[in-house]
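Chains as they are written, first to last, in this note's numbering: chain F, 1 to 332; chain C, 1001 to 1206. Report on the structure given below.
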Amino acid sequence: MKKIINQPDDVVSQMLDGMVKAHPESYQRLEGTTVLARKNLSENKVGIVSGGGSGHEPAHAGFVGEGMLDAAVSGEVFTSPTPDQMLEAIKAVDQGAGVLLITKNYTGDVMNFEMAAEMAEDEGITVEQVIVNDDVAVEDSTHTTGRRGVAGTIFVHKIAGAAAQEGKTLKEVKALADEVIHNVRSMGAALHPAQVPGSGNPGFDIKENEMELGIGIHGEPGMETIGLVSADELAERLVEEVLAELELKQGDETAVIVNGMGATPLMELYILNNRIHDLLKEKGIKSELTLVGNYMTALEMAGASLTVLKLTNELKKYVTNPCQTIAWTIND
Amino acid sequence: MFTAEMARQWIKESAKKIESNKEQLTDLDQVLGDGDHGLNMTRGFKAAVEQLNEETDEPGKVLKAVGTSLLSKIGGASGPLYGTLFMKAGNQLEGTEVQLSDLSSSLRVGVDGMKKRGKAEREEKTMIDLLEPVIELMEEKGNELTPAHLIDKAKEALEHVKEYEAKKGRAAYYKEKSKGKQDAGAQSSYYLIESLATVLDKDGEA
Chain F
1 MKKIINQPDD VVSQMLDGMV KAHPESYQRL EGTTVLARKN LSENKVGIVS GGGSGHEPAH
61 AGFVGEGMLD AAVSGEVFTS PTPDQMLEAI KAVDQGAGVL LITKNYTGDV MNFEMAAEMA
121 EDEGITVEQV IVNDDVAVED STHTTGRRGV AGTIFVHKIA GAAAQEGKTL KEVKALADEV
181 IHNVRSMGAA LHPAQVPGSG NPGFDIKENE MELGIGIHGE PGMETIGLVS ADELAERLVE
241 EVLAELELKQ GDETAVIVNG MGATPLMELY ILNNRIHDLL KEKGIKSELT LVGNYMTALE
301 MAGASLTVLK LTNELKKYVT NPCQTIAWTI ND
Chain C
1001 MFTAEMARQW IKESAKKIES NKEQLTDLDQ VLGDGDHGLN MTRGFKAAVE QLNEETDEPG
1061 KVLKAVGTSL LSKIGGASGP LYGTLFMKAG NQLEGTEVQL SDLSSSLRVG VDGMKKRGKA
1121 EREEKTMIDL LEPVIELMEE KGNELTPAHL IDKAKEALEH VKEYEAKKGR AAYYKEKSKG
1181 KQDAGAQSSY YLIESLATVL DKDGEA
């Protein structure tokens, strides 16, 4: 597959340098690491660190900035970053008020973040961890690793970041992040798979007249393969699956992400949102905030996911107040 | 005896085996996981070989440093798991006069650490299904262990792993469909044991 890269081994490092060169006023790359951190840290604030494999841009580094993350740690493509890198991020953003780690529920991410948290505690830094598991496509049970963390993670970044910015304690920020995780659900569908740079094969096989429903963000399998449906039909299926797990009633308020997987044009995402918005309205559900675009991608995977966050008054305040990041800015 | 030089040879041999089977590991992982096991393991073991301390005569120190190196280079789930195995086992081995029975008990501590880290038990289609039966055999044979013992047990375990249903990691999303397919982690663990057997064989006395 054709890609604009140099050596496959260099993609993450060169991407990070490219990001810093595009935004030198807001970012710094910690020397010798894959950590992008805010240039100006707010004093006495709980630090917020997120991370994961690369290939999900703008997640995670695109959400570093005032009101969201203080640092993001990038692993190899679709591979969890290592604990020593996370430890550097934790140390860099700790202001004495402790650090919250935001992890998506993938086995490698969870294990590496846990080890990083243990190493940080050994150095006297208080660390809390939340694990995002918003994907309704895979069931939660004791026999599997549970639901995956996908685009709902963006709302966890936003709300935890806003609460930290306001001066809440580590305990309070963690409690809010857990509340977001409890109230957020997502599901995605793919038309074409992603391909890891340097690997000869696409992540999965899919025919021209098929789509994969319930995909994750790495090319792991979906829930089922279905025939290609129209945007409206896809909207109906996604809304149905996501709402089934949220216990929403008439008059409830939500925040929505119609997320592109990387290779889907905005035109198609807006067409999808057109029907999603109407479906929610027909059910009497208010969408207080709608994001349409690429937020949690999977390289050149074509497809989209729907994320719905059920809002409380407190969550509504934090999800809509100002933030300044490359990928999501809300002005005063 | 298990010397520091043998520990170094074990890691060099493992790195060689993993590198030459990189594509097989990646292909296995592409079926049940996310297709990066070969790449990640090759990167990790290459780094482990590069940092090998040629000075020390304590095998425990060699293995511990290998663990740290794997942890910081592999990433994914395999980094913490193999990192834990070698760090814990290395911590356990003291001094220069290390017997095969000491190696077995240190690897036992390492594997118990992996189980705890990965919250995994036997028969969940993971590295544990390859490593734990081999270590049980090592404990049973003590200083009488031969390279042939290791290889036979590892081959037998590898065949069993294939038939289990995956309960951990990304492979778990496949449920029953995972049966009959090989686990990439169990396969890479097999190469570690095969390499250990090669090193013991070369030593001549085991």
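Using N, Cα and C, we set each Cβ at its ideal position, and we do this for glycine too.
Interface with chain F (8 Å Cβ-Cβ cutoff): L1131(C) is excluded.
If you ignore the 5 residues before and after K39(F), its C-beta comes within less than 8 Å of the C-beta of E25, S26, Y27, Q28, all in its own chain and listed in chain order.
Contacts with chain F (Cβ-Cβ distance below 9 Å) from the segment 1053 to 1076 of chain C involve T1068, L1071, S1072, K1073, I1074, G1075, G1076, listed in chain order.
G1185(C) counts as buried, since no fewer than 16 other beta carbons sit within 10 angstroms of its beta carbon.
Interface with chain C (8 Å Cβ-Cβ cutoff): M15(F) is excluded. Near chain C, meaning a CB-to-CB distance below 8 Å, the residues of the segment 177 to 201 of chain F are V196, G198, S199, N201. Inclusion of G55(F) and G1075(C) in the CB contact set at 8 Å is not warranted, their separation being larger than that value. With a threshold of 8 Å between beta carbons, M115(F) makes contact with chain C. With a threshold of 8 Å between beta carbons, H218(F) makes contact with chain C. As DSSP reads the structure, E128(F) sits in a beta bridge with L100(F). Chain-order list of chain F residues neighbouring T1026(C): S199, by C-beta distance under 8 Å. In the DSSP assignment, I159(F) falls within the unbroken alpha helix (DSSP H) covering 153 to 165.
Residues of the segment 1016 to 1040 of chain C with a Cβ closer than 8 Å to any Cβ of chain F, in chain order: T1026, Q1030, G1033, D1034, G1035, D1036, L1039, N1040.
Three or more beta-carbon pairs separated by less than 8 Å link the segment 1087 to 1095 of chain C to the segment 1104 to 1116 of chain C, which places the two stretches in contact.
No Cβ-Cβ contact shorter than 8 Å links F113(F) with L100(F). In terms of Cα proximity to A1148(C), the closest of E1194(C), L1085(C), Y1174(C), D1183(C) is E1194(C).
Burial state of M1127(C) is buried, judged by a 10 Å Cβ sphere holding 16 or more other Cβ atoms. For N294(F), no beta strand (DSSP E) encloses it, and the DSSP letter there is neither H nor E. DSSP places K91(F) inside the alpha helix (DSSP H), whose first and last residues are 83 to 93. Residue-level contact by beta carbon holds for P1080(C) and chain F, with a gap shorter than 8 Å. Of all residues in the segment 95 to 111 of chain F, the ones placed with a Cβ closer than 8 Å to any Cβ belonging to chain C are Y106, T107, G108, M111, in chain order.
In this structure E212(F) touches A189(F) by the C-beta definition: roughly 7 Å separates them, less than 8 Å. For H1160(C), no beta strand (DSSP E) encloses it; the enclosing alpha helix (DSSP H) starts and ends at 1147 to 1163. Contacts with chain C at 8 Å (Cβ-Cβ) do not include G152(F). Partner residues in the beta bridge of I226(F), as assigned by DSSP, are M211(F).
The criterion of a C-beta distance shorter than 8 Å is satisfied by V35(F) and V73(F). Contact annotation, M68(F) with D135(F): C-beta distance approximately 21 Å; criterion of less than 8 Å not satisfied.
Residues of chain F whose Cβ lies closer than 9 Å to the Cβ of R1117(C) are, in chain order, M111, E114, M115. Between E57(F) and E245(F), the alpha-carbon positions lie close to 27 Å from each other. C-alpha of A59(F) to C-alpha of L1063(C): approximately 36 Å in a straight line. Residues of chain F whose Cβ lies closer than 8 Å to the Cβ of K1202(C) do not exist, since the nearest Cβ in that chain is about 32 Å away.
In the three-state reduction of the DSSP assignment, Q1187(C) falls in the helix class, which pools H, G and I.
Shortest Cα-Cα distance from E1124(C) to any of Y1173(C), A1048(C), A1004(C) involves Y1173(C).
R1170(C) counts as buried, since no fewer than 16 other beta carbons sit within 10 angstroms of its beta carbon.
Under DSSP, G303(F) takes part in a beta bridge, and its partners are A190(F). Only G75, E76, V77, F78, T79, S80, P81, T82, P83 from the segment 63 to 83 of chain F bring a Cβ to less than 9 Å from some Cβ of chain C.
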